[in-house]
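Chains A, B, C and D, in that order, are what the protein sequence lines are. Quick note: the numbering used here has the first sequence finishing at residue 967, numbered continuously throughout. Quick note: the numbering used here has the second sequence finishing at residue 511, numbered continuously throughout. Quick note: the numbering used here has the third sequence finishing at residue 440, numbered continuously throughout. Quick note: the numbering used here has the fourth sequence finishing at residue 311, numbered continuously throughout.
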Amino acid sequence: MFDMLILILDSTVRLSTPLLLACLAGLYSERSGVFDIGLEGKMLGAAFAAGAVAALAGSAWAGLAAGIAASIALALLHGFASITHRGNQIVSGVAINFLAIGLTALLGQAWFQQGGQTPRLPQEARFTDITWPFADSLRDVPVIGGLYSELFSGHNLLVYVAFLSVPLTWWVLYRTRFGLRLRAVGENPAAVDTAGISVTWLRYRAVICTGILCGVAGAYLSTAQSAGFIKDMTAGRGFIALAALIFAKWRPVPAMFACLLFGFLDALAIRLQGQPLPVIGQVPVQVFQALPYILTVVLLAGFIGRAVPPKAGGVAYVKERT
Amino acid sequence: MTPAIELKKIDKSFGAVHANKAIDLTVAKGSIHGIVGENGAGKSTLMSILYGFYQADEGEILVDGKRVDIPDSKTAIAHGIGMVHQHFMLVENFTVLENVVLGAEGGGLLGRGVAKARAELKRLADDYDLRVDPDALIEDLPVGLQQRVEILKALFRGADILILDEPTGVLTPAEADHLFRILRVLRDEGKTVLLITHKLREIMAVTDTVSIMRRGEMVATRKTAETSMTELAELMVGRRVLLRVDKAPREPGRTVMSVRDLTVRDSRGVDVVKNVSFDLREGEIVGIAGVSGNGQSQLIETLAGIRHAVAGRIEVNGTAVDPTRRDIDPSRIRALSVAHVPEDRHRMGLVTRFFEYENAILGYHRDPAYGKGAFLDIKAIRDAARGEIEKYDIRPPNCLLKTANFSGGNQQKIVLAREIERDPAVLLVGQPTRGVDIGAIEFIHRRLVELRDAGKAILLISVELDEIRSLADRVLVMFDGALVGERPPETDEGELGLMMAGVNREAAE
Amino acid sequence: MTRGALPRWADYGLMPALNLAAAFLASGLVVLFIGENPVEAVKILVWGSLGWNEGIGFTLFYATNFIFTGLAVAVAFHAGLFNIGGEGQAYLGGLGVALACLALDRYVPWWVTLPFAVLGAAAAGAAWAFVPAILQAKRGSHVVITTIMFNFIAASLMVYLLVNVMAKAGSMQPETRTFEPGGRLPFLQDVIPGADFGTAPLNLSLIVALMCCMAVWALIWRTKLGYEIRTFGANPVAAVYAGISPVRITVVTMMISGGLAGMMAINEIMGSQHRLLIEFVSGYGFVGIAVALMGRAHPVGIILASILFGMLYQGGAELAFEKPAITRDMIVVIQGLVILFAGALEHMFRPGLVRLLAAFRPTAAQAA
Amino acid sequence: EDIKPAVAYDLGGKFDKSFNEAAYTGAEQFKKESGIDYQDFEIQNDSQREQALRRFARNGMSPVVAIGFSYENALAKVAAEFPDTKFAIVDAVVDAPNVRSVVFKEHEGSYLVGTLAALASSSGKVGFVGGMDIPLIRKFACGYKQGALAAKEGAEVFENMTGTTGAAWNDPVKGGELAKSQFDRGADVIYHAAGGTGIGVLQAAADAGKLGIGVDSNQNGLHPGSVLTSMLKRVDVAVATAFGDAKDDKWTSGVYVLGLKEGGVDWALDDNNKALVTEEMKAAVEKAKSDIISGKVEVHDYMADQNCPF
Ligand SMILES: Nc1ncnc2c1ncn2[C@@H]1O[C@H](COP(=O)(O)OP(=O)(O)OP(=O)(O)O)[C@@H](O)[C@H]1O
Ligand SMILES: Nc1ncnc2c1ncn2[C@@H]1O[C@H](COP(=O)(O)OP(=O)(O)OP(=O)(O)O)[C@@H](O)[C@H]1O
Ligand SMILES: [Mg+2]
Ligand SMILES: [Mg+2]
């Protein structure tokens, strides 16, 4: 029983990681007042770039760098449209999702002739699992042994990066000048402007942060959790991350728990699938497949109250109506 | 000696609107310089240009005799210019301290810089007697204190030229006097103050010099000592205006609204209105005086059906209304012929994105006069709106204009027209002239008195003691959610002021 | 955001034209990049979608879907609600249509079935929007999350139903039996004398869609409910002041929105496929978001945007046929570019244009 | 005499790592051998099925091969409109004089790999990961179960489906997780019928040092030494044959049911996996194969009664 729990939690961690990275990514952008439903697209673009470059250069790190670069490029496009040209942020996000889906498949086919798939990565070109010291020797110690060796040890670098980004993001947001201004510009850009700070530049920096984290998320999908890119491999995770962000009311630590929750529900569903339930007996597989989403709604309605987005979110900063 | 500021031929247009026309202005160092003008005259725009918030299309700016260009507020701050904006530039869910340091954090990490700021804030608070809890959230502060924060922001950045755009619009007399004392101190320290206001009394009280703007032009500058309110009023509006309301005494009729033991609790669970009881009779204006934030807003909102009470009874025209019931809402109250002019037109009274005529039916849109069944009769609505524009001299006279493009004064008239024209038995009015220019004030006051003479019952809430004293037939003073006494309007300001501050000589009653 | 000093003709004519031109220019570069002739590509795309009857037929057929999903997003938008649940609501709408058709098709002519199908579609879609709506209204659960979740839940539900309950026996396919004529909408060319759209499945739903456009226009700008919806969307505080119940407006608006999304299924299921099948929504719900916003949430704008996307779908298919080098992924890229330039970057040329016009007619500013 | 062949793929697209890709391979192979070029089209939505087939027919293409059971209705319609065009459909039966319907006995092939899985498993627990819970996939799963149970009394078979949207066929990450969870539950061989998702399953097997089983085309090469075998579904052959027959005037319409006997399905043995397949395993599988062909063993077809007795 306990082992099973550990294993579910273990898989929870793996499943939450890309959500967490994307969710924190979205946090930077949306806290600065730039809504972003293009997380999915940025992740996909990054996953492709990472997979492709890792394959060519034979280095996971090169892949990661490429993924981040690609994601930042898309983020800047979003900025160009919605910050510089005050375009509709939702439309811009939708456009980026389309571009990412199309371009990844297109370029993938053009470069590798494997139908938008990138060549399978050899182990050395992936982020492989890191086993912590004594993980194996401790394995048999009751409780903590399992926790330590299964849950904490034995994940790839990017998983740790993801979870470390949580305190980091918290620190940036609440302990640095940049964070203070970031939070301010999302609430009242005019206040930031009259305080002598450039709203535009500030928001650009925010979307760049978004780009970086989405880049890591993408790289995780294609170079850590799997060994190569397959078209559409983000499979809607960007939208789940967005949901998690709202769930967490745009705050870093709750964001982590929201993502862990989604991951856990998913892991649970995977684990329960195809097994008869106590009392109820055999249940159609679709029930389990819908379970995470149903539970999310229930929890949301039950415990998480009203979520108030950053006040200036979604609207471009216009001071002169000319 | 060289003037602190010289503006030469400043010109600014927003698209079609020519907000500032070749404006010249000279402000002497160490003086308090007033600027008056009607709504939309271009005062805020001019100041915002000086502060680098907007860019002038033409003209030049001299600070301390040196020609400078001010592309952004950063530069303005660097030149020692600070501004308190008409619509505050504060981050609502930030603390006072966070708002003050924003943009002047002193280092990439908040830690030390903020600690320093805290100390500095304390010093300023002591020196200028500008006390406010540095860790309070802005949204929890009354507007009066929010404005202090704005002033502190400016001083914290070491401004020696301080611009205040309609600072007293939101202050009680006491608060205003306090503010003026501070301004004088600042002046005596050699700082320069630019004060924008609609209230000539204040101009006369504190300024050394005053400039008058009309329709985007600078029409005159006077030594305050050598001018009079009437002259200023004429210069502003371009015609004679009479500054005091004359109203004949009138015997009130039967009671139309009676309130008993009304208690209202806010979202935080605090009682903000404490068993309030009073009667409102035909043909009388009852004024509720009080420092803002003492429950007047919640009281009037409860009477209007926007909030629910936890206890109490209300009777309107003989119909009993249980204000604690959830199914009571504004439309029900309106149905009892109670009209409501809310305190904050931007937040509550209007949908600024709508056309004027759409706002003219807000709250009355289900009235069959505006369309049968489910549909709206646009023509009927526009005609009604045109009628009101005509009757209330709303400018520009165009019901197809977006409401945001009317000045505050005219926006206020739109609301008044809407509520009064329904010919209600009871009129609840909050801050009818906040941020509104003399021309409009005169008009609004006359309208209210006419209404009272026509036998309507009016409940007036205002932080403007003058307004209350000149309009009301009876004055109720509210403090900390409770009515602390009734006085005739002749009562002198000092006494009312004390009661508003909670010092009540006849605590007995 | 106010429109600024552009005369109407420039704002509604020139600007969109410029944006589209830019979009196709960018697409041209992509086409060039894979070594095809961009000019020819654009020619094929435009000709393929507007140049011949069948092409027009398909273009309008797709446009019909987009009109429904676009209107759905737009209506919610006027109340300040962001409904990304169109995908799921349309999927459920399919269920409503199918039930009506399966029940009646054997016994009555299509015109008897149609009202029931419309009702079924709208009801099912509205029902699927109801839960997110009520949760938003009463519990403040953010409608964006809940509608996303309900898209996934809808998918599970429909797969279950189609595989285990509604599938026709002995078939590989998770889909219902094919409807009899009583469950099929006539093609437009069969009802409009002289019209010929070749084999395009363009059907009566287009008329239904256009009627919905008029209905939505009237609802939003001519009814008291619409007034309340817009008030609530523009200033919730003022709405309460005006005696408008947030709960009621939220629920009603979302259900109208869901109903419209659901009606998309009439075109696909009753008009074209004549059977309920999995995954038939295939993204129309999401594109609806772009359609609504590009159409500025106004029915006329939505119709135009829908036609634009219809062109991209149909013309894109032609392009893929004609040019082996141009894959469907390329079409997706082009769609993305159009959304980007004609939607997100719609203001890019404005300042320049304003200056230009001002230079030509100095009075332009005053006129506007 | 020259022909103008064409292929219309299903929504998954020609590179779905599954039967569409197999069809593509077949077409390419024909092109290489005969030097005759062909046209193809990837649909984006259901409305394009008819459009694509009709378009090909109009342009005088023939034979036109439609990949996937979803083309059934569309083809039935279009075939009637173009009686002189030769059509073929894979995975469904369309009864028309000018249509060749090719369906496969996936259950037979799955039975074989099930047998292998059970024999290769040391824990007696094996797994199956499907893309979406649709009849076709259940057909795979059911045959696999029967094979496993036949080979090992009381063998345990875990069965998982990936999702309920199109993403279910392109989600290697989820596939990997499903595989991992089955490994955690003790499985040590996993068979996938999930297109792109399966890539993740095989990867997870390789990473965990366990065994995976490929599907449709020979996937042994993806992770040499970690893919026990692949269940071959010769869609490629079907397509190539259709083209070839038309070319050599040997075209015949009608229904072709391809099982082990016809070589339509099979298991893959090559250098990549011969180390994994012991002699006795090989013997056992070949025996099962001949028994099935001879009819001694009857593999249950899920489609027959829409249910799996195991
Ligand atoms: N941000 C803006 N964008 C466009 N036009 C503006 C803007 N701000 C002001 N205007 C225009 O400039 C004119 C002057 O506005 P301004 O706010 O300076 O008047 P004001 O004197 O401050 O009025 P009030 O006394 O009500 O504050 C207004 O009539 C308005 O039309
Ligand atoms: N962003 C803007 N766009 C267009 N006109 C504006 C804008 N901001 C202000 N104005 C106009 O400037 C003039 C004065 O604006 P302002 O907001 O200062 O009025 P106000 O009287 O100060 O309002 P209030 O008293 O309620 O603050 C009005 O005509 C107003 O419509
Ligand atoms: Mg002003
Ligand atoms: Mg092609």
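Every residue, glycine too, gets a C-beta built ideally from N, C-alpha and C.
Spatial distance of residue 265 of chain D from residue 229 of chain D (CA atoms): 20 Å
Chain-order list of residues whose beta-carbon lies under 6 Å from that of residue 213 of chain C (same chain, five-residue window excluded): 207
Same chain only: Cβ atoms within 6 Å of residue 145 of chain D, ignoring 5 sequence neighbours per side: 111, 115, 129, 192
Simplified DSSP state of residue 260 of chain B, which is helix, strand or coil: strand
Under 7 Å (Cβ pairs) to chain A, residues found in the segment 149 to 174 of chain D: 159, 160, 161, 162, 164, 165, 168, 171, 172, 173, 174
heavy atom of ligand 6 below 7 Å from residue 407 of chain B C-beta: Ligand 6 is not part of the structure shown, which contains ligand 1, ligand 2, ligand 3 and ligand 4 as its ligands.
Pick from D/269, D/171, D/89 that is closest to residue 240 of chain D, judged by C-alpha positions: D/89
Any non-hydrogen atom of ligand 1 within 7 Å of residue 54 of chain B CB: no
Residue 222 of chain C at chain D interface by Cβ criterion, 8 Å: no
Selection from B/475, B/230, B/496 that minimises the alpha carbon distance to residue 252 of chain B: B/475
Top-ranked residue by Cα proximity to residue 56 of chain B, from A/650, A/841, A/668: A/841
Residue 319 of chain C, buried or exposed, once every other Cβ within 10 Å from all chains shown has been counted against 16: exposed
Proximity to residue 166 of chain B [Cα-Cα], best of B/209, B/192, B/259: B/209
Backbone CA spacing between residue 19 of chain B and residue 397 of chain B [nearest angstrom]: 14 Å
Rounded straight-line distance, which links the Cα of residue 139 of chain B to that of residue 150 of chain C: 32 Å
Candidates C/306, C/390, C/429, of which the one nearest residue 117 of chain C by Cα: C/390
Neighbour-count burial assignment, residue 73 of chain C, 16 or more Cβ in a 10 Å radius: Its pLDDT being 33, under 50, residue 73 of chain C is placed unreliably by the model, and the measurement read from it follows with that caveat. Residue 73 of chain C comes out exposed.
Rounded straight-line distance, which links the Cα of residue 372 of chain C to that of residue 239 of chain C: 39 Å
Any chain C beta carbon closer than 8 Å to residue 824 of chain A: no
Proximity to residue 243 of chain C [Cα-Cα], best of D/36, D/73, D/199: D/73
Nearest residue (CA-CA) to residue 256 of chain B, options B/375, B/438, B/54, B/285: B/285
Short Cβ contact (8 Å threshold) for residue 91 of chain D with residue 236 of chain D: yes
Anticipated Cβ contact below 8 Å, residue 446 of chain B with residue 434 of chain B, distance rounded: 5 Å
Distance between residue 301 of chain B and residue 291 of chain B (C-alpha atoms, nearest Å): 12 Å
Own chain, CB closer than 6 Å to residue 6 of chain B, minus 5 neighbours either side, in chain order: 29, 31, 163, 194
Straight-line gap, residue 426 of chain C to residue 85 of chain C (C-alpha atoms, nearest Å): 14 Å
Runs of beta strand (DSSP E) lying entirely within the segment 365 to 398 of chain B, each at least 3 residues, in chain order: none
Complete runs of the alpha helix (DSSP H) confined to the segment 218 to 263 of chain C [at least 4 residues]: 260 to 263
Residue span of the alpha helix (DSSP H) that contains residue 332 of chain C, given as start and end: 318 to 337
Assigned exposure category for residue 789 of chain A - 16 Cβ within 10 Å defines buried: exposed
Contacting residues, own chain, Cβ-Cβ under 7 Å from residue 441 of chain B (five flanking each side not counted): 40, 239, 243
Short Cβ contact (8 Å threshold) for residue 218 of chain B with residue 404 of chain B: no
Chain B contact for residue 440 of chain C (CB, 8 Å cutoff): With a pLDDT of 34 at residue 440 of chain C, under the threshold of 50, the modelled position of this residue cannot be trusted; read the value that follows with caution. Yes, because at least one Cβ of chain B sits closer than 8 Å to the Cβ of residue 440 of chain C.
Burial state of residue 281 of chain D (16 or more Cβ within 10 Å): exposed
Same chain, Cβ closer than 6 Å to residue 510 of chain B, five either side skipped, listed in chain order: Reliability fails at residue 510 of chain B, whose pLDDT of 38 lies under 50, so the model's placement of it is uncertain and the value that follows must be treated cautiously. Hits under 6 Å: none found.
Cutoff 7 Å; reference residue 252 of chain C; Cβ partners in own chain excluding five residues on either side: 177, 178
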